[in-house]
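Enquirer: Please see the structure below; I have some questions.
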Amino acid sequence: MPIAEPRRDDVMTDYGTLNRLYPQTVTYKVDNKNYILMEDENGEFLIKEISQKGKLDKDISSGQFSRYFDIIQVAYDDKNKNTYICAISLGGKKMKLFQANNLGIDKKYSKDYVINGRKSFNFFFIDGLLHLFECDEDNKGRYSIYSISF
Numbered sequence: 337m338p339i340a341e342p343r344r345d346d347v348m349t350d351y352g353t354l355n356r357l358y359p360q361t362v363t364y365k366v367d368n369k370n371y372i373l374m375e376d377e378n379g380e381f382l383i384k385e386i387s388q389k390g391k392l393d394k395d396i397s398s399g400q401f402s403r404y405f406d407i408i409q410v411a412y413d414d415k416n417k418n419t420y421i422c423a424i425s426l427g428g429k430k431m432k433l434f435q436a437n438n439l440g441i442d443k444k445y446s447k448d449y450v451i452n453g454r455k456s457f458n459f460f461f462i463d464g465l466l467h468l469f470e471c472d473e474d475n476k477g478r479y480s481i482y483s484i485s486f
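Taking my numbering, the leading residue of the sequence shown gets 337, the next gets one more, and so forth.
Written out as structure tokens, the structure is:
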């Protein structure tokens with residue numbers, strides 16, 4: 337399938353190079369500031385601020401995760417007004433939860449997490465409690481939702 341051509345009213349807001357490929361990326365917001373977290377295949381991460389004009393701005397944080405995360409998602413806790421980065425390492429069999437802030441991310445929770453078969457995932461908060469949605473793609477869409485205290 338060919339890549340769609342930009343519409344005439346589409347405007348490129350930024351371009352450049354990052355000096356490596358970051359196959360995992362997720363954007364999030366903290367205190368009305370936008371950020372992008374990028375992870376390369378070795379588990380090295382970079383967090384950059386995104387300006388109000390849609391440009392990658394200054395580096396906020398960088399480092400090395402203890403493992404590569406195959407799944408990285410954002411969940412917002414309305415009750416406590418916090419943004420969280422939820423990550424799963426399929427090979428490392430771990431789930432980690434990081435709290436996002438204007439200086440980067442802080443690890444808040446970690447647990448062993450084993451996957452039996454191929455699944456889809458999503459994280460969300462209800463009344464300050466983290467939930468994990470899983471759906472088994474090999475068993476007629478059977479799903480489970482877990483609440484996780486941390």
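Glycine included, C-beta positions come from ideal geometry on N, C-alpha and C. The structure displayed is predicted, hence computed values, not measured ones.
Between 381, 486, 470, which has its C-alpha nearest residue 479's C-alpha?
Expert: Comparing Cα-Cα distances from residue 479 to each of 381, 486, 470, the minimum goes to 470.
Enquirer: CA-CA distance, residue 402 and residue 356?
Expert: Rounded to whole angstroms, residue 402 to residue 356 spans 19 Å at the Cα level.
Enquirer: Counting only the same chain and skipping the five closest in sequence on each side, list residues whose C-beta sits under 7 Å from that of residue 502.
Expert: For residue 502 there is no data in the structure shown, the boundaries of the chain being 337 and 486.
Enquirer: Reducing DSSP to helix, strand and coil, say where residue 418 ends up.
Expert: strand
Enquirer: Would residue 426 pass as a contact of residue 406 if the rule is Cβ separation under 7 Å?
Expert: yes
Enquirer: Can you tell me the Cα-Cα spacing of residue 394 and residue 369, whole angstroms?
Expert: 12 Å
Enquirer: Is it buried or exposed, residue 381, if we count other Cβ atoms within 10 angstroms and call 16 or more buried?
Expert: buried
Enquirer: Since residue 459 contacts residue 409 with CB under 8 Å, what's their CB separation in whole angstroms?
Expert: 5 Å
Enquirer: Compute the Euclidean distance between the alpha carbons of residue 360 and residue 404, then round it to the nearest angstrom.
Expert: Taking the straight line from one Cα to the other gives about 10 Å.
Enquirer: Could you check where the beta strand (DSSP E) with residue 374 kicks off and where it finishes?
Expert: 369-375
Enquirer: Would you check if the distance between the CB atom of residue 364 and the CB atom of residue 385 is smaller than 7 Å?
Expert: no
Enquirer: DSSP three-state label for residue 447, please.
Expert: Note: residue 447 maps to strand in three-state DSSP.
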